[in-house]
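**Q** Residue 76 in UniProt numbering sits at position 76 of the sequence shown; the count goes up by one each step and never skips. Just so you know, even glycine gets a beta-carbon here, dropped at the ideal spot from N, CA and C.
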Amino acid sequence: MKVIISLGSNLNQEANIQRAREILSHLIPDAVFTDPEWTDPIAEKDRPAGTEKYLNCLVEGHVHLTERRIIAKLKQLEMSMGDNHENHVKGLVSIDLDLIQYGDHKVRELIWK
C-alpha cells in the first residue's frame with residue numbers, strides 16, 4: 001500500500017530526522033524522502049508553540065502493513081527515539097511521525113506546508 005508519512009523534530013533536529021530516515025528506510029524499502037525543510041513552530045490547542053524551529057520532511061513509499069499497524073510502528077519508533085506525551089505538552093519534540101496518506105485515504109492534514 002502506498003503511504004505518505006511526515007517527519008518533524010524540534011530537538012537535535014538534524015540528527016533525529018536522519019535517524020528516523022534510516023529506520024524508516026528499513027520499514028519502507030522504496031522510500032523516497034523530500035529535502036528537509038525548516039519551519040516555525042505552530043501552536044496547537046493546549047500546547048505551546050515551543051521555542052525551536054522544526055525540521056520537517058516527507059517520505060513516500062509502499063508497505064505491506066495495515067493502516068493500524070503502520071501507525072503503531074510509527075508510535076513505537078517515536079517512543080524508541082525518546083518522544084513522549086509529557087515532552088509534547090512542553091513543546092519539545094524529539095521526533096513526530098504522522099501517517100498523512102494510506103493508499104487513497106487521507107489520514108490527516110499536513111500542518112507545516
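Would you mind working out which of Glu86, Leu110, Asp83, Gly103 sits nearest Arg68, comparing C-alpha positions?
**A** Within the sequence shown, the letter at position 68 stands for residue 68. Ranking the options by Cα distance to Arg68, first place goes to Gly103.
**Q** Using alpha carbons as the reference points, say which of Leu11, Leu77, Ile42, Ser9 lies closest to Leu27.
**A** Taking the sequence shown and counting its residues from 1, one reaches residue 27 at position 27. It is Leu77 whose Cα lies nearest to the Cα of Leu27.
**Q** What residues in its chain sit with their C-beta under 7 Å from that of Ile71, if we drop five residues either side in the sequence?
**A** What you label residue 71 is simply residue 71 of the sequence shown in a count that begins at 1. Closer than 7 Å at Cβ, skipping near neighbours: Leu99.
**Q** From which residue to which residue does the beta strand (DSSP E) around Val89 run?
**A** The residue you call residue 89 lines up with position 89 of the sequence shown. Not the beta strand (DSSP E): Val89 falls in the alpha helix (DSSP H), residues 85-89.
**Q** Under a three-way DSSP split, which group does Lys75 fall into?
**A** The sequence position of residue 75 within the sequence shown is 75, counting from 1. Helix at Lys75.
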